[in-house]
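Trainee: The structure under discussion is supplied below as C-alpha cells; questions concerning it will follow.
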Amino acid sequence: ERSRAAWEYVLSFTLLNPPSAQESPAVYIESFGVNIPIQPLFKDSRRPFNPPLKVIDPAFVVKNIGQMTALPGSENIITVTFSTNVPLNAGMILCLSGFNDGIPAQDSADTPMLNASSLLVDQPLALYTSDVTTTPGTASWDYDILQFKITENTIEFQEYKFMIRIKNPSIPQDYKRVSMATLSGILISKVEMDPDLSNADGIYAPFRILEMVLRVRKIGQSTPFPGAENTLTVTFSPNLDIDVELAVSITISGLTGSITPDYTGRPLMCDTGCADQCE
Numbered sequence: 024e025r026s027r028a029a030w031e032y033v034l035s036f037t038l039l040n041p042p043s044a045q046e047s048p049a050v051y052i053e054s055f056g057v058n059i060p061i062q063p064l065f066k067d068s069r070r071p072f073n074p075p076l077k078v079i080d081p082a083f084v085v086k087n088i089g090q091m092t093a094l095p096g097s098e099n100i101i102t103v104t105f106s107t108n109v110p111l112n113a114g115m116i117l118c119l120s121g122f123n124d125g126i127p128a129q130d131s132a133d134t135p136m137l138n139a140s141s142l143l144v145d146q147p148l149a150l151y152t153s154d155v156t157t158t159p160g161t162a163s164w165d166y167d168i169l170q171f172k173i174t175e176n177t178i179e180f181q182e183y184k185f186m187i188r189i190k191n192p193s194i195p196q197d198y199k200r201v202s203m204a205t206l207s208g209i210l211i212s213k214v215e216m217d218p219d220l221s222n223a224d225g226i227y228a229p230f231r232i233l234e235m236v237l238r239v240r241k242i243g244q245s246t247p248f249p250g251a252e253n254t255l256t257v258t259f260s261p262n263l264d265i266d267v268e269l270a271v272s273i274t275i276s277g278l279t280g281s282i283t284p285d286y287t288g289r290p291l292m293c294d295t296g297c298a299d300q301c302e
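Its first residue numbered 24, the sequence shown is counted upward by one per residue in the working numbering.
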C-alpha cells in the first residue's frame with residue numbers, strides 16, 4: 024500500500040531482552056529503494072523504562088528476616104519477607120545462606136515453607152518447592168542453607184512472605200548475617216538480608232540466642248518460729264518467654280535446716296503468674 028506524506032506509521036515487534044543490565048543503545052532508521060540516509064530514532068524520555076533495550080539491574084527491594092524467640096533450645100519460627108524490582112520466572116532457584124556461618128549442621132532435608140499470612144500457621148505455600156525433591160511447599164535445609172524453587176512467576180515490587188520452623192541452638196550467640204541470592208534464571212548476586220533489630224537486645228534477629236536469666240529472684244517466709252509450719256514464697260521473672268511445650272522444671276536448692284522429710288511432694292500455691300494452678 025502506498026504510504027502518504029505526513030502520515031504517522033506505527034509498527035511493533037517483540038525481542039528478548041538481554042539477560043543483564045544495560046543502558047539503552049542508540050537505534051537508527053534508514054530506507055532502501057527510496058533512499059533515506061541512516062539517522063537516529065528519538066527515544067521517549069517521559070517514562071524511565073521506555074527507551075528501547077534499556078534493562079535494569081535486578082535486585083532485592085525488600086529482604087527482611089526475623090524470628091519469634093531467642094530462647095535457647097526452643098522451637099523457633101523464622102520469617103522471611105522479600106520482593107524484587109523485576110519479575111522472577113517460575114523454576115528459578117532462590118538461596119538463603121549463612122544461618123550457621125557456612126557450616127551445615129545436618130544432611131540436607133525438606134522443611135515445610137509455611138504461610139505467614141494464614142491463621143493456619145502450618146499451611147504449606149504452593150508457591151515454593153524443594154529444589155532437590157520438588158516436593159510442593161518445601162525447601163531443602165541443612166541448618167545453614169535454605170534453598171527452593173518458585174513455581175510461578177512473581178510480580179515486581181510485590182512482597183512475598185514465608186516461615187520455617189527450626190530448633191534454636193542451646194547456647195547464647197549473636198544473630199547470624201543471612202544472605203539471599205538467586206541461582207538460576209535472572210541472577211541477583213548474594214546480598215545480606217535486613218535482620219529485625221526492633222528490640223534493643225536483638226531478640227528478633229535470626230538465630231540470636233540469649234542466655235536465660237532471672238531478672239527478679241526473691242524468697243521470703245511467713246514465720247521465724249522454731250518447729251512451726253512455714254510458708255516460703257519465691258518470686259522470679261525470666262528475661263524471655265518460656266513455651267509450655269519445653270516442659271521446663273524449676274529447682275530451688277539450699278533449704279538446709281528444715282525438718283521436712285526429703286523427697287516428699289509439697290503442694291504449691293500461686294499468687295501471680297499461673298493461669299490455673301501450680302504443679
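By construction, the Cβ of each residue, glycine as well, lies at the ideal position given by its N, Cα and C atoms.
1. So what does residue 237 bridge to, in DSSP terms?
2. Please report the Cβ distance between residue 95 and residue 191, rounded to the nearest whole angstrom; I am assuming they are in contact, meaning their Cβ atoms lie under 8 Å.
3. Secondary structure at residue 111, three-state DSSP: helix, strand or coil?
4. Under the three-state reduction of DSSP, which class applies to residue 164: helix, strand or coil?
5. Once DSSP output is grouped into helix, strand and coil, what is the label at residue 169?
6. Here's a check: name, in chain order, each residue in its chain whose Cβ is nearer than 6 Å to the Cβ of residue 78, leaving out the five neighbours to either side.
7. Does the distance from the CB of residue 207 to the CB of residue 164 come in under 9 Å?
8. Taking 9 Å as the threshold (C-beta atoms), are residue 212 and residue 204 in contact?
9. According to DSSP, what are the bridge partners of residue 151?
10. For residue 69, which of helix, strand or coil comes out of DSSP?
11. Please classify residue 32 as buried or exposed, where buried requires at least 16 other C-beta atoms within 10 Å of its C-beta.
12. Whole angstroms is fine: what's the gap from residue 117's alpha carbon to residue 86's?
13. Quick one: residues in its chain with C-beta nearer than 6 Å to the C-beta of residue 196, no 5 flanking neighbours on either side, listed in chain order?
14. With contact counted as at least three CB pairs below 8 Å, one residue from each stretch, are the region 100–112 and the region 167–187 in contact?
15. Between residue 219 and residue 89, which are expected to be in contact by the criterion C-beta below 8 Å, what is the C-beta distance as a whole number of angstroms?
16. For residue 36, is the classification buried or exposed, using 16 other Cβ atoms within 10 angstroms of its Cβ as the cut-off for buried?
17. Going by DSSP, what residues sit across from residue 130 in a beta bridge?
18. Tell me the rounded alpha-carbon separation between residue 127 and residue 112.
19. Counting C-beta neighbours from all protein chains within 10 Å, is the total for residue 160 16 or more, i.e. buried, or is it exposed?
20. Could you tell me if residue 282 is buried or exposed, where buried requires 16 or more neighbouring beta carbons within 10 angstroms of its beta carbon?
21. For residue 170, would you say it is in contact with chain C, using Cβ-to-Cβ distances shorter than 9 Å as the test?
22. Please report the straight-line C-alpha distance between residue 276 and residue 254, rounded to a whole angstrom.
23. On a Cα-Cα basis, can you pick out the residue from 93, 280, 210 and 110 that is closest to residue 247?
24. Buried or exposed: residue 198, going by 16 or more other Cβ atoms within 10 Å of its Cβ?
25. Residues bridged to residue 42 by DSSP?
Mentor: In brief:
1. Residue 237 has 261 as its beta-bridge partners, per DSSP.
2. 6 Å
3. Three-state result, residue 111: coil.
4. Shown here, residue 164 sits in a strand according to DSSP, grouped into three states.
5. strand
6. 40, 41, 44 and 45
7. no
8. yes
9. 173
10. coil
11. Residue 32 counts as exposed, since fewer than 16 other C-beta atoms from the protein chains shown sit within 10 angstroms of its C-beta.
12. 12 Å
13. 232
14. yes
15. 3 Å
16. exposed
17. Its beta-bridge partners do not exist; DSSP assigns none.
18. 28 Å
19. buried
20. exposed
21. You won't find chain C in this structure, because it holds only one protein chain.
22. 16 Å
23. 280
24. buried
25. Its beta-bridge partners do not exist; DSSP assigns none.
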